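First comes the structure, then the notes that go with it.
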C-alpha cells in the first residue's frame, strides 16, 4: 500500500505551502498546497478571527473520504474560491480523526440546522466559535439543486458585513440548543433489564430478513448492533437473535462489501444487497467485525465465520500494521484511476492473468461477467455460494476447488499489486488500536492461533511505550505521540489491556489498566450528574460533550462502562461499579427514549444485571492450565472473567487483584468458580471443571 499519497498532487509548482505543511495528519497535508490560506485548529486561527472580526470557515474531513477529495479538487484548488475564503474568512481545516470532539460538536450543529450530516463537513462559525450556517459537500458553483460554494461564501460575507447581529443571535440560539442536547437528566434509579428486551424488539422490527442488516440503502455493517444481538442470544437463549446475526454476517461476507482477495471489509454498501460498497477501509470497522465474526463462530460452530474473521485479522496484520507495532487508521477509497478502481475486474483481465481454465472457475466463483456489475463493464467480486456448493456445480471435490481458488487469489493479488494503490492513512489512533487489540484477543481465544496473541501483545506494548507517556494517554502517534487522548482512547485502551491480560495473564497489563482507568475517571467523570465527558475540561472551547450514542463504534461512555465493569471483576474492586451505575443513571432517559441508538451501553447494562462469572485457575505453570483454558475458549460466554495464577505471576498479581487471595493450590490445577459473589467448591480435575461449568 502507498503511504506517501504519491497520486495526490501535493504541489503543482505554483503555490507555496500553507500552514498545514507543518502538520502530521495525512489529511491536512493533502491540503498543504491549496491556494486557500488554511490554518490548523488552534490559537493562531482563533486569534486572527477575533482580531480581524472575521467569521471562521471550518472544513472537517478525513484522508479516506471520497467526497472530501472531490471538494478539495473542485473548490479548494480553485483560485477564485480561494480568494473569497482568504479575503472574507479565516479558513480552518480539521482532521476529524485527530479531533473527534470538534467533529462531534459541529456535526450535531449541522444536523440540527439542516437535518442531515456527513463529510466533508462545511460550517461557518463566529469568531467565538459559535456555528451559524453549514452543510456537507458543496460544488464550486451552482449545480442542479445544489448551491455553489462561491455563492454561499459571497452571501455569508455580505450578511456578516451588513447584519452581524442577526448572525450572532442565530449562533447563540444554536449553541443553546446544542447545550440542551448534551444535557442529561440524572435518574435516581438504574434502568431495568427490560430495556435489553426492548432494544432487541426494536432491532427485530428494522431487520432486513432477506439480506441481513438494518434498514435500507445505504446499509452499514453496524457491528455494535450485532455484538448486542450475540450477547442477547446467549443470555436469553434467543435463536431469532442468532438468525439475525447469521443472515447479516453471511450476506456481508459474500457480497461486495468484503475484499475477497485481500481480506477486510469496506465502509458500507450503497445498496440493500451489499453489492456496491463505498471502497474505503477503516481500522475500526474491521476490528469490530473481526471480533463479531469470531464470536459467531463460537456461537454457531460454523467454520465459515472463523474463516472470514481470520482473513480480516490477517489483512489487518499484513497490510495495516506498522513494523514497530500499532495499526494504521484507514485505506482510501480512491486511487489514481478513480474510486474503487483498485478492486474491480473485467472478465478479459481474468482470462489474461489466469488462463482459460482458472478464469472459468474464477468467473463462476466471483460472479464475473462480460457486462459487469459495476461501472464501465467492470465487476465487483462477490462470492455468493459456499465452496462445497460451488465444487458440486463444477464437478470438483471441495479440497481441489479450495486449492485452485488459492492459486486464483494469489495470481489476482499479484496482478492487483501492480495497479496504482489507494493511499493508507498511517497515523496510529489509540482508540481504534484498542479495538483492534481486543479483536485479536478474541481471535486468539476462538482459534488458538498464536499469531493473534503475538500481534495483540506487540500492539499493546507499542501503545504503553509510545502513547502512554507521563501519566497521559495520547490519541495519535505519527513521528511521535501528540494530541492528548479523549474518553474513547482511554476506555478502548483499558478494555484492550484487560483483554490482553486475560489471554497472557501478565500482571503488568492489569497494572497499567488500573492506572489508565483511574486517570480516565479523574479526567472525564462528571462528579455532579454522573457519566463521562468526552473531553477534559480545558479542551472544550464551546461546551463539553457528554454522549452515549453508539454509532459505527461504541460511544466513549459505552467503552468506559464496559472497561470499569470488567476491571471491577478482575481486581475485585467494587469502587469501579459506582461509575458504571452512575453512567446508567446519567443516560437513563436517553436509553429509555431511544434504546436502539444505545445498544452498546445497553449491552453493558445486560452484564450489570445478569450473572457475572469469575474463573480463577491456580497452578504451578501457565502451561498446566492450557486444557482448562481451551475448554473455556470453546464457547462465547459474555461477562465471564478468567485469571490464571501461577508461580511466575502470583506475587505481582496479588497487588492488583483480590481474586487471588485465599485460593490455595490443592492439586496440579485448582479451579475456583464464582458467580454473583458466591463461590462453589474448588475442583482439581478437568472433568470436574467441565461438569462444574455446565
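In our numbering, the protein residues as written are 35 to 728.
For every residue, glycine included, the Cβ atom is placed at its ideal position computed from N, Cα and C.
Quantities reported herein were computed from a predicted structural model and do not represent experimental measurements.
| Check | Outcome |
| --- | --- |
| Between the Cα of residue 458 and those of 499, 313, 711, spot the shortest distance and give me the residue it belongs to. | 313 |
| Establish whether the CB of residue 590 and some CB of chain C are separated by less than 8 Å. | Checking the listed chains, one finds no chain C in this structure; it contains a single protein chain. |
| If you draw a straight line from the C-alpha of residue 693 to the C-alpha of residue 652, how long is it? | 11 Å |
| Here's the rule I'm using: 16 or more other beta-carbon atoms within 10 Å means buried, otherwise exposed. How should residue 150 be labelled? | exposed |
| Please report the residue range of the beta strand (DSSP E) in which residue 709 lies. | 703 to 709 |
| When burial is assigned at 16 or more other CB atoms within 10 Å of the CB, is residue 253 buried or exposed? | buried |
| When we look at the beta-carbon of residue 403 and count the other beta-carbons within 10 Å, is it buried (16 or more) or exposed? | exposed |
| For a test of the three-state rule: what should DSSP assign to residue 368, helix, strand or coil? | strand |
| Check whether the stretch 286 to 302 and the stretch 312 to 327 are in contact - that is, three or more C-beta pairs closer than 8 Å. | yes |
| Scan the stretch 297 to 357 and note each continuous alpha helix (DSSP H) run of 4 residues or more that stays entirely inside, going in chain order. | 317 to 334, 337 to 353 |
| Would you decide whether residue 663 is buried or exposed? Buried here means 16 or more other CB atoms lie within 10 Å of its CB. | buried |
| For residue 641, is the classification buried or exposed, using 16 other Cβ atoms within 10 angstroms of its Cβ as the cut-off for buried? | buried |
| Tell me the rounded alpha-carbon separation between residue 183 and residue 600. | 49 Å |
| Please state if the CB of residue 590 and the CB of residue 670 are separated by a distance shorter than 8 Å. | no |
| Would you mind sorting residue 503 into buried or exposed? The rule is 16 or more other CB atoms within 10 Å of its CB. | exposed |
| Considering Cα atoms alone, identify which of 549, 552, 594, 381 is closest to residue 565. | 594 |
| If I measure Cβ to Cβ from residue 37 and keep anything under 6 Å in the same chain, skipping five residues before and after, which residues do I get? | Summary for residue 37: the model assigns pLDDT 40, below 50, so the residue's position carries little reliability; its value from the coordinates is reported in the next sentence. If we look at residue 37 and ignore the five residues flanking it on each side, its Cβ neighbours are 458, 460. |
| Where do the N-terminal and C-terminal ends of the alpha helix (DSSP H) with residue 288 fall, by residue? | 273 to 288 |
| Do the stretch 276 to 296 and the stretch 226 to 244 meet, that is, are 3 or more Cβ pairs less than 8 Å apart? | yes |
| Threshold first: 4 residues or longer. Then list the alpha helix (DSSP H) segments lying entirely within the stretch 503 to 555, N to C. | 521 to 538 |
| By Cβ distance below 6 Å, which residues in the same chain neighbour residue 204 in space, the five residues on each side in sequence not counted? | 166 |
| When you compare only the Cα positions, how much space is there between residue 338 and residue 419? | 11 Å |
| Find out if the Cβ-Cβ distance for the pair residue 579, residue 139 is shorter than 8 Å. | yes |
| DSSP three-state label for residue 392, please. | helix |
| In three-state terms, what does DSSP make of residue 647? | strand |
| CB-CB under 6 Å to residue 309, same chain, minus the five flanking residues each way: which ones, in chain order? | 289, 290 |
| Looking only at C-alpha atoms, which of 415, 362, 391 sits nearest to residue 468? | 362 |
| In chain order, what residues of the same chain lie with their CB nearer than 6 Å to the CB of residue 473, ignoring the 5 residues before and after it? | 321, 324, 325 |
| Considering just the uninterrupted stretch of the beta strand (DSSP E) at residue 460, what are its terminal residues? | 458 to 463 |
| List, from N- to C-terminal side, the alpha helix (DSSP H) runs of 4 residues or more that fit wholly inside the stretch 387 to 455. | 390 to 400, 421 to 428, 432 to 450 |
| Give the straight-line distance between the Cα atoms of residue 541 and residue 346, rounded to the nearest whole angstrom. | 29 Å |
| Please check the pair residue 73 and residue 66, which I expect to be a contact at CB under 8 Å, by giving their CB distance rounded to whole angstroms. | Contact flag wrong, Cβ pair sits at about 12 Å. |
| Smallest Cα separation from residue 135: which of 414, 568, 657? | 568 |
| Taking C-alpha atoms, which residue in 178, 153, 163 lies nearest to residue 169? | 153 |
| For residue 105, count the other beta carbons within 10 Å of its own beta carbon; 16 or more makes it buried, fewer makes it exposed. Which is it? | buried |
| On the criterion of 16 or more Cβ atoms from any shown chain inside 10 Å, does residue 711 qualify as buried, or is it exposed? | exposed |
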